[in-house]
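For what it's worth, the numbering used here labels the leading residue of the sequence shown as 62, then goes sequentially.
Note that beta-carbon positions come from the ideal geometry of N, C-alpha and C, so glycine has one too.
Values in this document were obtained by computation on a predicted structure and should not be read as measured data.
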Amino acid sequence: MDVSTRDQWMDIASRTVAAQPRVALQLLSMIRGLSSITDGFSLDQMEHSLQTATRAERDGADEQVIVAALLHDVGKLISVPNHPRIAAEIVRPYVRDEVYAMVAYHQDFQGRWYYEYLGMDPNLRVRHVGQPWYELAERFADVWDQKAFDPEYRSETLDHFEPMVVRVFAKPTKIAGY
Ligand SMILES: [Fe+2]
Numbered sequence: 062m063d064v065s066t067r068d069q070w071m072d073i074a075s076r077t078v079a080a081q082p083r084v085a086l087q088l089l090s091m092i093r094g095l096s097s098i099t100d101g102f103s104l105d106q107m108e109h110s111l112q113t114a115t116r117a118e119r120d121g122a123d124e125q126v127i128v129a130a131l132l133h134d135v136g137k138l139i140s141v142p143n144h145p146r147i148a149a150e151i152v153r154p155y156v157r158d159e160v161y162a163m164v165a166y167h168q169d170f171q172g173r174w175y176y177e178y179l180g181m182d183p184n185l186r187v188r189h190v191g192q193p194w195y196e197l198a199e200r201f202a203d204v205w206d207q208k209a210f211d212p213e214y215r216s217e218t219l220d221h222f223e224p225m226v227v228r229v230f231a232k233p234t235k236i237a238g239y
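Encoded structure:
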C-alpha cells in the first residue's frame, strides 16, 4: 500500500461500490444456511429468523429493525457463544445505533427466559437500564425473538424480506470511526 497511487484507490473505491449488491446476496445465502441449524429448538434457525422478522413487521417495526430481526442470529452460522456480536457487526454500518445495540445485546435480554437453567444470571439486562436503546432491545427480545419458536405460526418467506435486505445493505451510512 505504501506505493499505491490515487488512481489505483479511485479504481478500488469505484469497484467496491459497484460490488455492493453482493453484500445482500451473501447475507440472504447465510439466512438460507441457518436452515441447517436446529440444536434442539422447535424450529430451525432460518424459520426462527423469519418468524422473528415477521413478528417485528406485523408489529409495525421499521425496515432497519425488521432486517436486523431477520439477521440477529446469523452469527450462529459461525459461533454460537458470540453470535450476537457477529451479527451486530454485520449490520452496524447500515443501521442506526439503537438497532445495532438491539442485536449486539439481545442475549442479555433473552437470558431472562432461560439463563437460570444454565446457572447464569437471568437479569443481565439490568446492566443496560438507562441506555437510549433499552426499550427497543426489550421489545425485540420479549415480544418478537423469544416467542419466535412457534411451529404453528405462519411467517413470511425469505422472498418477502429480500427487497428489504437489498435496500438496507445498498449503501453503508458509516464506514469507519464507529
Ligand atoms: Fe433469536
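Element boundaries [alpha helix (DSSP H), containing W70]: For the purposes of this step, residue 70 is taken as residue 9 along the sequence shown, with counting starting at 1. Element bounds for W70: R67 to A79.
Let me make sure I understand the geometry here. Which of L88, T218, V187 and E159 has the alpha-carbon closest to that of G172? As a first step, residue 172 is located in the sequence shown; it is residue number 111 there, counting from the start. Of the candidates L88, T218, V187 and E159, the one whose C-alpha sits nearest the C-alpha of G172 is V187.
Mind checking which residues open and close the alpha helix (DSSP H) that includes L197? The count along the sequence shown starts at 1 and reaches residue 197 at position 136. Per DSSP, L197 belongs to the alpha helix (DSSP H) from Y195 to R200.
G136 (DSSP reduced to helix, strand or coil): Taking the first residue of the sequence shown as position 1, residue 136 is located at position 75. G136: helix per DSSP, three-state reduction.
Could you tell me whether the Cβ atoms of V156 and V135 are closer together than 9 Å? Position 95 of the sequence shown, counted from the start, is the residue given in the question as residue 156. Position 74 of the sequence shown, counted from the start, is the residue given in the question as residue 135. Not a contact, by the Cβ cut-off of 9 Å.
Taking 8 Å as the cut-off, does the CB of A162 come closer than this to any heavy atom belonging to ligand 1? Your numbering for residue 162 matches position 101 in the sequence shown. A162: no, Cβ never under 8 Å from ligand 1.
Classify V190 as helix, strand or coil using the three-state DSSP reduction. Here residue 190 refers to the residue found at position 129 of the sequence shown. If DSSP states are grouped into helix, strand and coil, V190 belongs with coil.
Please report how far the alpha carbon of H144 lies from the alpha carbon of I98, in whole angstroms. Translated into the one-based positions of the sequence shown, residue 144 becomes position 83. Translated into the one-based positions of the sequence shown, residue 98 becomes position 37. If I take the Cα positions, the gap works out to 13 Å.
Does ligand 1 have even one heavy atom less than 8 Å from the beta-carbon of S75? Translated into the one-based positions of the sequence shown, residue 75 becomes position 14. Because no heavy atom of ligand 1 lies under 8 Å away, the Cβ of S75 does not count as near it: no.
Taking only the alpha-carbon atoms, compute the straight-line gap between P20 and A202 and give it to the nearest angstrom. Only positions 62 to 239 of the chain appear in this structure, which leaves residue 20 out of reach.
Examine ligand 1 and report whether any of its heavy atoms sits within less than 8 Å of the Cβ of T113. The count along the sequence shown starts at 1 and reaches residue 113 at position 52. Result yes, Cβ under 8 Å from ligand 1.
Counting along the chain, where does the alpha helix (DSSP H) carrying R146 start and finish? Here residue 146 corresponds to residue number 85 of the sequence shown, with the count starting at 1. Unbroken alpha helix (DSSP H) run through R146: H144 to V152.
Shorter than 8 Å, the distance from the beta carbon of A165 to the closest heavy atom of ligand 2, or not? Ligands present in the displayed structure are limited to ligand 1, and ligand 2 is not among them.
Report the rounded CA-to-CA distance for W174 versus A165, giving the unit in angstroms. Walking along the sequence shown from the start, residue 174 turns up at place 113. Walking along the sequence shown from the start, residue 165 turns up at place 104. For W174 and A165, the distance between alpha carbons rounds to 18 Å.
Is Q168 near L185, with beta carbons less than 9 Å apart? Locating residue 168 in the sequence shown gives position 107, where the first residue counts as 1. Locating residue 185 in the sequence shown gives position 124, where the first residue counts as 1. Taking C-beta atoms as the reference points, Q168 and L185 count as a pair closer than 9 Å.
Decide if E118 is buried, meaning its Cβ has at least 16 other Cβ atoms within 10 Å, or exposed. Translated into the one-based positions of the sequence shown, residue 118 becomes position 57. E118 should be labelled buried.
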